[in-house]
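The next block holds one structure in the form of structure tokens; read it before the comments.
Residue numbers (mature numbering (1 follows the signal peptide of the UniProt record, and there is no 0)): -18 to -1, 1 to 289.
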């Protein structure tokens, strides 16, 4: 079985701008067919010298939500299933996005949900030096929607699901207080950047099992403000106090608390006990920690300091 590698390169766009919309239309300079080399996009390559890039990740006219075209990422059969999502399309920004001050949104439609389906991952990354993932949302083969957040060694289940052959609008809003993930304008998860690195690339990838994904109407820092009604509806209704804490942290949320986990800043899970709405932290060493709270319908991640 062949393995593919993402070749780290920098692509320079003609101009840089704070706001951006990509819908893969002819008016933007795209043509149907192989996305590699079009308007700053590349595909996965085989790691050879010279590298050979996939030709099966496409600008497609099969379906779209904006205009006539979309990006279609789909299995490349000769390479076989991969151990992680590395197959797909990659776009490098002319000017990096600030990791704690940006918005990203896009439409996505997946064609297959089964044990033989691909995981489709949509992430933002920094490729400079050690770099790292900043945001990460996984439409898993089994219908789950998973998120990567700082302090958690495993992907976090948002308790939301997706269905095949249905368009979804994904929106990610990053601020100084954390990252919010929305699905069809409903808040599904609040967490923290997986790494505190500015973003120079966005990836739309899969692990080469089965099914395709169509992506359209990508917007960067170009989302209309929420109405007052929507802002109230999507407000994060969770707080923790005291912070800093010495013995216990009280969690305030309208939903029932199902489970909590605490991680140190290296990502190691530490032992705590939950009693109702209070987390016992008295045995933790002094320092910064991340508290993951699972409630009915939503998950949250909050940073706290143990004195």
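All C-beta atoms in this analysis are idealised placements derived from N, C-alpha and C, irrespective of residue type, glycine included.
Treat the numbers as computed from the prediction; the structure is a model and nothing was measured.
On the premise that residue j lies in contact with residue i, defined as a C-beta separation below 8 Å, what is that separation, rounded to the nearest angstrom?
i	j	result
residue 290	residue 145	Because the chain in this structure spans residues -18 to 289, residue 290 falls outside the shown range and cannot be described.
residue 24	residue 18	6 Å
residue 245	residue 114	Residue 245 to residue 114, Cβ: 16 Å. No contact.
residue 86	residue 202	6 Å
residue 88	residue 197	6 Å
residue 127	residue 142	5 Å
residue 231	residue 261	5 Å
residue 176	residue 90	Residue 176 to residue 90, Cβ: 20 Å. No contact.
Does the beta-carbon of residue i have 16 or more other beta-carbons within 10 angstroms, so that it is buried, or is it exposed?
i	result
residue 288	buried
residue 51	buried
residue 240	exposed
residue 130	buried
residue 34	exposed
residue -16	Legend: pLDDT at residue -16 = 40, less than 50; position of this residue unreliable, value from coordinates given subsequently. Result: exposed.
residue 174	buried
residue 60	exposed
residue 283	buried
residue 135	exposed
residue 227	buried
residue 58	buried
residue 265	exposed
residue 65	exposed
residue 26	buried
residue 108	buried
residue 67	buried
residue 69	buried
residue -10	Residue placement at residue -10 cannot be trusted, given a pLDDT of 28 that sits under 50; the coordinates are not used to answer.
residue 195	buried
Specify, as a first and last residue, the run of the beta strand (DSSP E) that residue i falls within.
i	result
residue 276	269 to 277
residue 246	239 to 246
residue 177	Per DSSP, residue 177 belongs to no beta strand (DSSP E) and is neither H nor E.
residue 221	221 to 223
residue 114	114 to 121
residue 143	138 to 143
residue 126	126 to 129
residue 3	2 to 4
Which partner residues does residue i have in the DSSP bridge list?
i	result
residue 162	155 and 172
residue 183	74 and 107
residue 195	55 and 92
residue 261	231 and 256
residue 41	15 and 53
residue 150	90
residue 284	273
residue 251	245
residue 201	3 and 87
residue 79	181
Should the segment 157 to 172 be regarded as contacting the segment 186 to 198, the criterion being three or more beta carbon pairs within less than 8 Å?
no
Does the segment 94 to 110 come close enough to the segment 168 to 188 that 3 or more CB-CB pairs lie under 8 Å?
yes
Three Cβ pairs or more, each shorter than 8 Å: is that satisfied between the segment 221 to 237 and the segment 76 to 95?
no
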